[in-house]
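Student: Before anything else, here's the structure in question.
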Amino acid sequence: MSDAASKDDLLGVEDSVKSSGLTGLFTGKPHHRNRATVFSLGSRQQILTHDFLNPLIVPHAAQESNQKFQFEALFRSIHLAFVDHCSHEFLFLTDFFMVSGQTAIDLHAKVMGRAIAHLIRAFDEKIATNFDCISLHLCICLCDKFHRLLTERETPSMSGYWETISNQLWTRLAQVMQMHNDSVKALDVKRMQTPIDTRPHYIVRRYAELTCAFLVVTESSGREVGQKMEAILESCEDAVEQLLLRMSATLSSPRDRLVFLINNYDLTLSIIDERVVQDSRIHSIIHELEQKAIGEFVEATLQPHFSPLLSFVSECEPLVQQGHTHLLVRYNDKLTAVVQSFSANWRRSIDAINGEVVKSFTNFKNGTNILQAVFTQLVQYVQRFSKLVSHEIFRDNPARNDMVNIHHILVELKKYKPVY
Numbered sequence: 001m002s003d004a005a006s007k008d009d010l011l012g013v014e015d016s017v018k019s020s021g022l023t024g025l026f027t028g029k030p031h032h033r034n035r036a037t038v039f040s041l042g043s044r045q046q047i048l049t050h051d052f053l054n055p056l057i058v059p060h061a062a063q064e065s066n067q068k069f070q071f072e073a074l075f076r077s078i079h080l081a082f083v084d085h086c087s088h089e090f091l092f093l094t095d096f097f098m099v100s101g102q103t104a105i106d107l108h109a110k111v112m113g114r115a116i117a118h119l120i121r122a123f124d125e126k127i128a129t130n131f132d133c134i135s136l137h138l139c140i141c142l143c144d145k146f147h148r149l150l151t152e153r154e155t156p157s158m159s160g161y162w163e164t165i166s167n168q169l170w171t172r173l174a175q176v177m178q179m180h181n182d183s184v185k186a187l188d189v190k191r192m193q194t195p196i197d198t199r200p201h202y203i204v205r206r207y208a209e210l211t212c213a214f215l216v217v218t219e220s221s222g223r224e225v226g227q228k229m230e231a232i233l234e235s236c237e238d239a240v241e242q243l244l245l246r247m248s249a250t251l252s253s254p255r256d257r258l259v260f261l262i263n264n265y266d267l268t269l270s271i272i273d274e275r276v277v278q279d280s281r282i283h284s285i286i287h288e289l290e291q292k293a294i295g296e297f298v299e300a301t302l303q304p305h306f307s308p309l310l311s312f313v314s315e316c317e318p319l320v321q322q323g324h325t326h327l328l329v330r331y332n333d334k335l336t337a338v339v340q341s342f343s344a345n346w347r348r349s350i351d352a353i354n355g356e357v358v359k360s361f362t363n364f365k366n367g368t369n370i371l372q373a374v375f376t377q378l379v380q381y382v383q384r385f386s387k388l389v390s391h392e393i394f395r396d397n398p399a400r401n402d403m404v405n406i407h408h409i410l411v412e413l414k415k416y417k418p419v420y
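Residue numbering for the sequence shown follows the UniProt record's numbering, beginning at 1 and increasing consecutively.
Spelled out as C-alpha cells, the structure:
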C-alpha cells in the first residue's frame, strides 16, 4: 500500500527528525516521516464519485508496474468485483433455475455464503491492522455506496454483509481515533521540542486537516454527518481544545493566550471553510469558542487604554438599573477624572490599539475584523458612559460638558477602516 499509516503516526506525536542509519550519520541528511496522507485528504474523496466505478486493480499488472495503492482503493476494487459477481450470479440463478422472489434470494444467499464468509474473515484481519482513519471512513462510505448500487440493480443487496463490514470499520475507526485522542492528551506541553508562541500550532493544523477530511468525505458520500461521526468529531475536538488550553497556559500574558487561541481557532475554521460546503455541528462549536475568545480579547485590549472609562460604566450601570441612583453621588469626582483622562489620551490610545491588534494575528482579514470589533466595543462604552453622564445626579458637574463628542471619535475610527 502507498505510504500506509502506522501506529506511530498519531495526532499528538511531535514532528521529529529520524536517523536514516549510518548513511544518514555521515551525510547529515535527515529523514522526515511523510504524514501528508495521514491527516490530509488530498483528492482521496474522488473514490466515492469520479473513481467509484473505475476498472478493477489487476494484482499482477500492478506488481509489474510497481504501483502502490491506498487501502480504500484495494477495498473498492475487491468489492466492485464482488458486487458485479453477486449481480451476475443472481441473474444466472433466476434464469437457470427459473426462480424468483424470496426463493431466488435464499438460493443466492446459499451460493454466495462461502465467498461472503471468506471476505469477512479476510477484511477483519486487514481492518484490524489499519491505522489510517481517513481510509477507514472512506471504506465505511464505500460500503453504503455498494449497498445502494446493488439495490439500484434490483439484486439482493447483501445488507447483512455490508452491516458486518461497516461495524468492523466503525469499531476500528473508533479505536484509531481513541489512539489519536490519547496521544493529544498525553502530550507534555512543557517539554515540547518547538517553543510555543502565539502562532497556530502544527498539531492543530493536523487536527483541522483531519476534521476537514471527515467532513469532505461525508459530503462526497451524499450523506449527512451521522451520530457516530459526530461523536468521533466532538471527542477529538475536546482533546485538542484541552491541549490548546494547556499550551496557552505556558504563555506569560493573558492577552497572548487569547491571541494564541484565536489564531488556532481561525486556522481550523479556515481549513474547513475552504473545502466544506455544508454546515456542521463541529464548525459551530469551534466558531463559538473563537467568538468567546474574541470577546475576551476585545475587553483585554481596551482595558489598559480606557480602564477608568470601563470601570465607571461597569460600576454605575448596575446602580441605575437597580434604582440606586442616589449612590451615584459618590462618583462625581470620578466622573471628572474619567473625562480628563479620556480627553487627553483617546487618539493616542486608538492608534496604539491599531498597532497592537494588526500585528497579533496571522490572518490579516481576521485581525482587521477583530480590530473593528474592538473599536465597536469602544464606541458602545462611550455611548453608555454618555448616557450615565446625562443622569440628573451629574447635572451640576462641569466635566460632563468636556467629554469628547462621539462624532469626533467616529471620524477618527474611520481612518482605521480596512480596505481590501
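Just so you know, even glycine gets a beta-carbon here, dropped at the ideal spot from N, CA and C.
With a Cβ-Cβ cutoff of 9 Å, do residue 421 and cysteine 86 count as a contact?
Tutor: Only positions 1 to 420 of the chain appear in the structure, and residue 421 is not among them; the question remains open.
Student: What residue range does the alpha helix (DSSP H) around threonine 198 cover?
Tutor: Careful: threonine 198 lies outside any alpha helix (DSSP H) and carries neither H nor E.
Student: Can you tell me the Cβ-Cβ gap for leucine 302 and leucine 310, rounded? I've got them flagged as a contact below 8 Å.
Tutor: Confirmed, about 6 Å.
Student: Where does histidine 324 fall in DSSP's three states?
Tutor: The answer is coil: DSSP assigns histidine 324 none of H, G, I, E or B.
Student: Does the structure place the segment 146 to 162 close enough to the segment 186 to 206 that three or more beta carbon pairs sit under 8 Å?
Tutor: No: fewer than three Cβ pairs fall under 8 Å.
Student: One question on the structure: do methionine 179 and leucine 10 come within less than 9 Å of each other, judged by their Cβ atoms?
Tutor: Result yes, Cβ atoms of methionine 179 and leucine 10 sit closer than 9 Å.
Student: Just checking, does the segment 248 to 255 make contact with the segment 66 to 77 on the three C-beta pairs under 8 Å criterion?
Tutor: The segment 248 to 255, when compared against the segment 66 to 77, does not touch it at the 8 Å Cβ threshold.
Student: Excluding the five sequence neighbours on either side, which residues of its own chain have a C-beta within less than 6 Å of the C-beta of threonine 218, listed in chain order?
Tutor: Excluding positions up to five away in sequence, the list reads Val225.
Student: What residues in its chain sit with their C-beta under 7 Å from that of serine 135, if we drop five residues either side in the sequence?
Tutor: Excluding sequence neighbours, serine 135 sits near Gln70, Phe71 and Glu72.
Student: Could you work out which residue in Phe82, Leu142 and Gln102 is closest to histidine 118 when comparing CA atoms only?
Tutor: Closest by alpha carbon: Phe82.
Student: Just mark tyrosine 161 as buried or exposed, buried being the case when its beta carbon has 16 or more other beta carbons within 10 Å.
Tutor: Buried: at least 16 other Cβ atoms inside 10 Å.
Student: By the 10 Å Cβ neighbour count, where 16 or more other Cβ atoms means buried, how is glutamate 237 classified, buried or exposed?
Tutor: Answer is buried; the Cβ neighbour count reaches 16.
Student: Using DSSP with H/G/I as helix, E/B as strand and the rest coil, what is glycine 222?
Tutor: Three-state DSSP puts glycine 222 in coil, outside helix and strand.
Student: Determine the direct distance from the alpha carbon of arginine 400 to that of serine 390, and round the result to whole angstroms.
Tutor: Using only the alpha carbons, I get a separation of about 8 Å.
Student: Does the separation of the CB atoms of proline 308 and lysine 334 fall below 9 Å?
Tutor: The answer is yes: Cβ separation under 9 Å.
Student: Within 9 Å (strictly less), CB to CB, does histidine 108 reach chain C?
Tutor: Judged by its chain identifiers, the structure shown contains no chain C, having just a single protein chain.
Student: Let me confirm a value: aspartate 124 is counted as buried when at least 16 other C-beta atoms fall within 10 Å, else exposed. Which label applies?
Tutor: Exposed.
Student: Going along the chain, which residues of its own chain have a beta-carbon closer than 8 Å to the beta-carbon of arginine 281, five neighbours each way excluded?
Tutor: The answer, listed in chain order, is Val225, Glu230, Leu233 and Glu234.
Student: With a threshold of 16 other CB atoms inside 10 Å of the CB of alanine 122, please say whether the residue is buried or exposed.
Tutor: Its Cβ having fewer than 16 others within 10 Å, alanine 122 is exposed.
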